[in-house]
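Everything on this sheet refers to the single structure shown next.
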Amino acid sequence: MIYLNGEWMPIDQARIPVLDRGFIFGDGVYEVIPSYSGHPFRLREHLVRLQSSLDGVRIVNPYGLDRWEELVREIVAKNPWEDQGVYLQVTRGVAPRDHAFPKDAKPTVFMMSNPLVTPPQSQREKGVAVVTVADNRWLRCDIKSVSLLANCLLRQAAVDEGAVESVLLRDGMLTEGSASNIFVVRDGVIVTPPKTNFILPGITYDVVIELARANGLPLEIRQVSEAEVRSADELWMTSSTKEVLPISTLDGKPVGHGDNAGKPGPLAARMNQLYQDYKRTVMRAPVKA
Ligand code: PDD
3 MIYLNGEWMP IDQARIPVLD RGFIFGDGVY EVIPSYSGHP FRLREHLVRL
53 QSSLDGVRIV NPYGLDRWEE LVREIVAKNP WEDQGVYLQV TRGVAPRDHA
103 FPKDAKPTVF MMSNPLVTPP QSQREKGVAV VTVADNRWLR CDIKSVSLLA
153 NCLLRQAAVD EGAVESVLLR DGMLTEGSAS NIFVVRDGVI VTPPKTNFIL
203 PGITYDVVIE LARANGLPLE IRQVSEAEVR SADELWMTSS TKEVLPISTL
253 DGKPVGHGDN AGKPGPLAAR MNQLYQDYKR TVMRAPVKA
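In the working numbering, the protein residues as written are 3 to 291.
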């Protein structure tokens with residue numbers, strides 16, 4: 003079952019007018035919220051980020067936080083899968099094509115849920131290949147916009163090279179992945195770029211930082227140079243669907259040094275364990291009605 007503008011229906015019955023500004027201009031924002039055993043993960047945080055994306059593109063939020071929470075819990079309850087990935091998007095609505103905002107368009111709200119696909123065990127154990135690509139996106143990467151053409155091109159550049167993700171570099175500095183945040187380990191310290199307009203403020207990024215702090219793992223939030231990425235001891239990507247996924251090769255070269263070269267490092271394994279444990283505590287909480 004999907005949700006479209008106040009109604010529940012099977013996805014094949016859902017229809018959007020062709021003049022929806024989401025279709026014409028990519029004029030809208032979205033969220034992807036994982037749900038484990040009926041528990042939407044970090045739901046409030048996702049909805050707070052939705053609000054800042056809406057503010058960033060000047061769309062008035064059609065619902066309050068509580069209504070959104072209800073809707074997300076409802077879609078999870080209406081769909082059969084144990085673990086789900088809830089996708090929701092809000093566009094500026096339907097209007098004759100004109101770049102300037104329409105005066106009276108009503109935002110289009112669409113929500114669907116799919117089985118949550120997280121990386122297979124083999125990828126978690128062996129790590130994955132990534133390539134570096136120049137980050138040529140706009141300067142508001144902090145907005146979770148549905149205008150994802152640049153991200154699609156950047157991801158495809160990775161796939162064309164047989165890799166699973168692209169690591170983006172802007173002016174010699176690490177930004178993030180095409181659909182993930184990136185963490186670097188150097189000399190036992192976990193390092194990741196700060197939240198600026200150049201990256202999406204990831205919910206998983208926040209969880210990883212909290213877990214590092216709570217467990218006394220050395221952590222620095224600062225700019226990371228391309229040279230530091232290329233000589234890292236470990237690289238990981240994080241996202242709601244990838245969780246904490248170690249990177250084993252960068253542009254075809256093994257990540258890390260010595261015995262660990264080309265293999266997930268000890269801090270990746272530690273963080274993965276902490277993340278999985280944290281998820282389990284979330285799943286033990288009672289499911290809200
Ligand atoms: N993408 N950076 C970008 C550009 C992203 O698209 C995403 C997530 C992230 C990680 O954010 P989070 O930890 O909140 O999932 C970082 C989602 C999963 C997607 O577009 O499918």
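Here a beta-carbon is modelled for each residue, glycine too, at the ideal position from N, C-alpha and C. Computed from a prediction, not measured in an experiment: that's the story for all the values here.
Residues near residue i by beta carbon distance below 7 Å, same chain, minus five either side
{"i": "S182", "result": "E167, M239, T240, S241, K244"}
{"i": "V257", "result": "A234, E236, L237, I249, S250, T251, G264"}
{"i": "L213", "result": "M273, L276, Y277, Y280"}
{"i": "N63", "result": "Q53, L56"}
Rounded straight-line distance, which links the Cα of residue j to that of residue i
{"i": "D189", "j": "D235", "result": "7 Å"}
{"i": "D137", "j": "A152", "result": "9 Å"}
{"i": "R60", "j": "K128", "result": "43 Å"}
{"i": "L276", "j": "G267", "result": "15 Å"}
{"i": "T283", "j": "A160", "result": "35 Å"}
{"i": "L56", "j": "M113", "result": "16 Å"}
{"i": "T120", "j": "E230", "result": "28 Å"}
{"i": "L73", "j": "Y89", "result": "12 Å"}
{"i": "P220", "j": "V191", "result": "5 Å"}
{"i": "P196", "j": "D261", "result": "31 Å"}
{"i": "R286", "j": "S39", "result": "9 Å"}
Bridge partners - residue i, DSSP secondary structure assignment
{"i": "H41", "result": "Y38"}
{"i": "Y5", "result": "W10, M113"}
{"i": "V246", "result": "T240"}
{"i": "L252", "result": "V132, K255"}
{"i": "S227", "result": "M175"}
{"i": "L221", "result": "I192"}
Same chain, Cβ closer than 8 Å to residue i, neighbours up to 5 away in sequence not counted
{"i": "D22", "result": "T93, G95, V96, T110"}
{"i": "G87", "result": "V34, I35, P36, S37, S115, N116, P117, L118, V119, S242, T243"}
Entirely enclosed alpha helix (DSSP H) segments - the segment 127 to 204, minimum 4 residues: 151 to 162
Whole alpha helix (DSSP H) elements within the segment 23 to 100, 4-residue minimum: 23 to 27, 45 to 59, 67 to 80
Runs of alpha helix (DSSP H) lying entirely within the segment 257 to 288, each at least 4 residues, in chain order: 268 to 286
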